[in-house]
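Residue numbers (the working numbering): 37 to 421.
Below is one structure, written out as structure tokens; the observations come after it.
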């Protein structure tokens, strides 16, 4: 079931966006290659000064959408309007939009300064203005000390910052970033995530960022547009995407997810009574939950979504209720203990608990029997698809 929470009316209703101006307005955008349709009736408002991430698995259409915004591809159908101007048919070089590609496409024989200045020289700006703007861009990415080095002699992180400086020196209205961090090692990638967000705040330029990395999207974005098979599944804040996913695809794609099937026993205006289908000896898994946002009826099967941090794990001798299972993996992560528990019916549950330094036995043994439970109301309820 496709759920698209991002109609123009819905976007305008978001409190945090209501005062913002739409910089790019996309309506009815379709893209096909022969008989294969890549994008399907895309409607999207991108706001002035926001950091928007296009997130989805390989082949979902996110890079194609980015290329259409940048003017490197032309749509089969639909319109793009930038700051009130129709740019649908404009080629890339005519749009006030710059792109940082996955491969930075720097000139290896040129110095850092000359790489950044290249676009300004093509515009035939005065030498004094070029020098000033390049120096400003270098200061933003903190590379003034290596401006005379050739880019082929730089590290991956330094090359990434040069590519960023070359893009922003032209003062575009929008900056597109096509997985620019994918070539970096894990430590440098985390560092550059912070660097990109800092640059975006300081410049005030709208960033549209493409990635398939969920943690990257959650940590950097003002809004995330989750894509699947050429369509939006949900457009929301990182918290909204993680805590209140629109459908099972978004729930399973963003972060780790535990899904429990439950059957509705009773329904009233404010609450529902359900029975969780996983069984445990001596435990009746009846739950009283808030009424979900969709219509439910007695006998219906629904999904209870719980993140690993929502799960509570108890030793059998603690006298707690819960679903019985045994530990098949346990990993100490410093601040948390992350466990994988297989229930008696074969289902697997992931749990992430704050590590208790005062309990010397707070570490589960492989094969150890435990009970799994959670607090009523912590679930996010989704219909069965």
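Even glycine gets a Cβ: it sits at the ideal position worked out from N, Cα and C.
Note that the coordinates shown come from a computational prediction; the quantities given were computed from them, not determined experimentally.
Of the other Cβ atoms in all chains shown, fewer than 16 fall within 10 Å of the Cβ of residue 178; this residue is therefore exposed. The beta carbon of residue 352 sits closer than 6 Å to the beta carbons of 405 from its chain, once the five residues preceding and following it are set aside; these are given in chain order. Counting only runs of 3+ residues, the beta strand (DSSP E) found wholly inside the segment 94-169 occupies 113-118 and 133-136, in chain order.
In the DSSP annotation of this structure, residue 72 is not part of any alpha helix (DSSP H); the continuous beta strand (DSSP E) holding it starts and ends at 72-83. Selection 143, 284 and 119 evaluated against residue 421 yields 284 as nearest (Cα-Cα).
341 is the residue among 60, 308 and 341 whose C-alpha sits nearest the C-alpha of residue 281. For residue 349, the uninterrupted beta strand (DSSP E) segment begins and ends at 348-351. Nearest to residue 141 by alpha-carbon distance, out of 93, 328 and 192, is 192.
Going by beta carbons, residue 312 and residue 326 fall outside the 8 Å limit.
Note on geometry: alpha-carbon atoms of residue 161 and residue 202 lie some 15 Å from one another. Bridge partners of residue 259 according to DSSP: 88. By the criterion of a C-beta distance shorter than 6 Å, residue 388 is surrounded in its chain by 344, 345, 372 and 374, once the five residues flanking it on both sides are discounted.
In the three-state scheme derived from DSSP, where H, G and I count as helix and E and B as strand, residue 191 is classed as coil.
Comparing alpha-carbon positions, the option among 198, 308 and 366 lying closest to residue 144 turns out to be 198. Taking C-beta separations shorter than 8 Å and ignoring five residues to either side along the sequence, the partners of residue 362 in its chain run 377, 378, 403, 404, 405 and 406, following chain order. In the same chain as residue 124, and ignoring 5 residues on each side of it, the C-beta atoms closer than 7 Å to its own belong to 111, 115 and 116, in chain order.
Residue state for residue 290 is assigned as coil, using DSSP reduced to three classes. The segment 227-240 makes no contact with the segment 61-68, as fewer than three CB pairs between them are under 8 Å. With a 10 Å radius around the Cβ and a threshold of 16 neighbouring Cβ atoms, residue 270 comes out buried. Assignment of residue 254 by DSSP, reduced to helix, strand and coil, places it in the helix class. When only Cα atoms are considered, residue 226 and residue 215 end up about 13 Å apart.
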